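Just below is one structure, and these are the notes that go with it.
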Amino acid sequence: MAESVDAPDLKSVGHCARGSSSLPTRIILNILRYLGVSMKYQLHTKYCWLNNKKQIVLMYFIQNFPFTFDDLPEFAYHDVEVMEVANIGPSYEMEDLYQASMYLIDEECHPMLFELELENPELLPID
């Protein structure tokens, strides 16, 4: 049986694995709640490529985790500003959205499924 000193430290310098499965902002919010400080999650939206750069969508994020998207009307594909914004950011696959959504659900941080204190709830999708 190995002693605990033989086990590698997951938080050591140079180790690439995550030390925790919790959403960092959730930990901070939980600590701040105990201290009586109230903070809220922040939503934002951005035009992004989806499905190997075949489709541009309006992606919804919570604390920089994507959780859903809206399709854009056909004319938006010809809008230069929309194209520029989408080209700046990463391209997402449906698997990426699935994994991010499952992570948010596991952490009870998915804004469409759990009641959260949101800084800007008006950005939530209507559907």
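Position 108 of the sequence shown, counted from 1, bears residue number 90 in the working numbering, the numbering being contiguous throughout. Here a beta-carbon is modelled for each residue, glycine too, at the ideal position from N, C-alpha and C. This one's a predicted model, so the numbers in the text were calculated from it and none came from an experiment.
* DSSP state of Gln24 mapped onto helix, strand, coil -> DSSP places Gln24 in coil when its eight states are reduced to three.
* **Leu100, DSSP secondary structure in three states** => In this structure, Leu100 counts as strand in the three-state DSSP scheme.
* On the three-state DSSP scale, how would you describe His92? -> Three-state DSSP puts His92 in coil, outside helix and strand.
* **Top-ranked residue by Cα proximity to Ala58, from Glu99, Gly71, Leu40** => Residue Leu40 is the option with its Cα nearest to Ala58.
* Asked: Which residues bound the beta strand (DSSP E) around Ile38?
  -> Run containing Ile38: 37 to 44, per the beta strand (DSSP E) assignment.
* Count the other C-beta atoms from every protein chain shown that fall within 10 angstroms of the C-beta of Tyr80, then say buried if there are 16 or more, exposed otherwise. => Counting Cβ neighbours within 10 Å, Tyr80 comes out exposed, since fewer than 16 surround it.
* Asked: If we count the other Cβ atoms within 10 Å of its Cβ and call it buried at 16 or more, is Leu11 buried or exposed?
  -> Note on Leu11: pLDDT 49, under 50, position unreliable in the model; no value is reported.
* Asked: Are Tyr156 and Leu105 closer than 9 Å when you measure CB to CB?
  -> With the chain represented from -17 up to 109, any question about residue 156 goes unanswered, as that position is not in the structure.
* Would you list the residues sitting across from Leu32 in a DSSP beta bridge? => Leu32 pairs with Gln37, Tyr74.
* Asked: Would you call the region 89 to 107 and the region 64 to 79 in contact, with 3 or more CB pairs under 8 Å?
  -> No, the region 89 to 107 is not in contact with the region 64 to 79.
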